[in-house]
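Participant: Could you have a look at this structure, given as structure tokens, before my questions?
In the working numbering, the protein residues as written are -7 to 201.
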């Protein structure tokens, strides 16, 4: 075999090895990305803060702020996920603070909450829950597109209680995950004739206790 032939054979083997390496590397990176995506979806964050203000609005109001988080939808907006445990009637003070251009589009009534999350900044959440009041301490439970807003004891909004809050994190995380699972089950039940979870039970799992 000539030097040229041996050189070509070497180049071919090197190219095959390099291609195999790149293929394996690409598969590994793809697997890592998929794992990361799954972990992000499974991660459920808890952020404590206070309701700064609330406004009566509509779930489908086009005037809602861009990027607003969506919690529990009203019955008329989504029968499949309407786990309402509260009355669909908004509180009187929320009625008086109706969001602009929403007065004539209340077929799917909801409340737009402005949350002060301290160092985490401000956040806007629209939800069919209507029992939360300005100044009330709440926890924002979030996992991907899933959001639940739950009232909690005012001590959770006191920076002096960080040590106690840390010890209770496991308990609150467990409650948040049970709510998320219940919301998922309630949605699945809506597609079958037999429901395993009532709206009242969903409220017990997802509202402040």
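Note that beta-carbon positions come from the ideal geometry of N, C-alpha and C, so glycine has one too.
Owing to the predicted nature of the structure, the values given are computational and were not obtained by experimental measurement.
Where residue 119 and residue 46 are concerned, what is the direct C-alpha to C-alpha distance, given to the nearest angstrom?
Facilitator: If I take the Cα positions, the gap works out to 10 Å.
Participant: Just to confirm my understanding: we take residue 147, look at its own chain, exclude 5 residues before and 5 after, and list those with CB closer than 6 Å. What are they?
Facilitator: Around residue 147: 153.
Participant: Whole alpha helix (DSSP H) runs in the region 136 to 163 with 4 or more residues, listed along the chain?
Facilitator: Counting whole runs of 4 or more residues, the region 136 to 163 contains the alpha helix (DSSP H) stretches 154 to 159.
Participant: Which of the three DSSP states is assigned to residue 41 in this structure?
Facilitator: Three-state result, residue 41: strand.
Participant: Can you tell me whether residue 35 is helix, strand or coil according to DSSP?
Facilitator: In this structure, residue 35 counts as coil in the three-state DSSP scheme.
Participant: Relative to the alpha-carbon of residue 122, which residue among 197, 141 and 137 has its alpha-carbon at the smallest distance?
Facilitator: Residue 122 has its Cα closest to that of 141, out of 197, 141 and 137.
Participant: Could you tell me whether the region 106 to 119 touches the region 165 to 175, where touching means 3 or more Cβ pairs closer than 8 Å?
Facilitator: In short, these stretches do not touch, since the Cβ pair count stays below three.
Participant: Here's a check: name, in chain order, each residue in its chain whose Cβ is nearer than 8 Å to the Cβ of residue 133, leaving out the five neighbours to either side.
Facilitator: Around residue 133: 36, 37, 38, 139, 140, 141, 142, 168, 171 and 172.
Participant: Could you check the C-alpha separation between residue 144 and residue 54 for me, to the nearest Å?
Facilitator: Their backbone Cα atoms lie some 31 Å apart in a straight line.
Participant: Who are the near neighbours of residue 177 in its chain, counting only those whose CB is closer than 6 Å to its CB and skipping five residues on each side?
Facilitator: Cβ within range, chain order: 189.
Participant: For residue 69 and residue 162, I'd like the C-alpha separation in whole angstroms.
Facilitator: Its pLDDT being 48, under 50, residue 69 is placed unreliably by the model, and the measurement read from it follows with that caveat. Between residue 69 and residue 162, the C-alpha separation is close to 33 Å.
Participant: Note down the Cα distance separating residue 179 from residue 125, rounded to an integer number of angstroms.
Facilitator: Taking the straight line from one Cα to the other gives about 27 Å.
Participant: Take residue 129 and list the residues in its own chain whose beta-carbon comes closer than 6 Å to its own, dropping the five residues that flank it on each side.
Facilitator: These residues qualify, in order along the chain: 42, 144, 146, 148 and 149.
Participant: The alpha helix (DSSP H) that contains residue 106, what's its start and end?
Facilitator: Run containing residue 106: none in the alpha helix (DSSP H); it sits in the beta strand (DSSP E), 101 to 108.
Participant: On a Cα-Cα basis, can you pick out the residue from 101, 58, 136 and 44 that is closest to residue 51?
Facilitator: The option with the nearest alpha carbon to residue 51 is 101.
Participant: So, with DSSP's three-state summary, where would you put residue 22?
Facilitator: With a pLDDT of 42 at residue 22, under the threshold of 50, the predicted position of this residue should be treated as unreliable, and no value is reported.
Participant: For residue 62, which of 135, 155, 165 and 40 has the nearest alpha-carbon?
Facilitator: That would be 135, whose Cα lies nearest to the Cα of residue 62.
Participant: Compare the beta carbon distance of residue 106 and residue 44 with 8 Å and say whether it is the shorter of the two.
Facilitator: In this structure, residue 44 lies closer than 8 Å to residue 106 by Cβ.
Participant: Cutting at 8 Å between CB atoms, please list the residues of its own chain near residue 103, excluding the five before and the five after it.
Facilitator: Closer than 8 Å at Cβ, skipping near neighbours: 46, 47, 48, 49, 82, 86, 118, 119, 120, 121, 122 and 124.
Participant: Keeping to the same chain, check which residues put their C-beta closer than 8 Å to that of residue 193; ignore five residues upstream and five downstream.
Facilitator: Same-chain partners within the cutoff: 174.
Participant: Short of 7 Å in beta carbon distance, which residues of its chain neighbour residue 110, apart from the five on each side in sequence? Order them along the chain.
Facilitator: For residue 110, where only same-chain residues beyond five positions count, the Cβ hits under 7 Å are 41.
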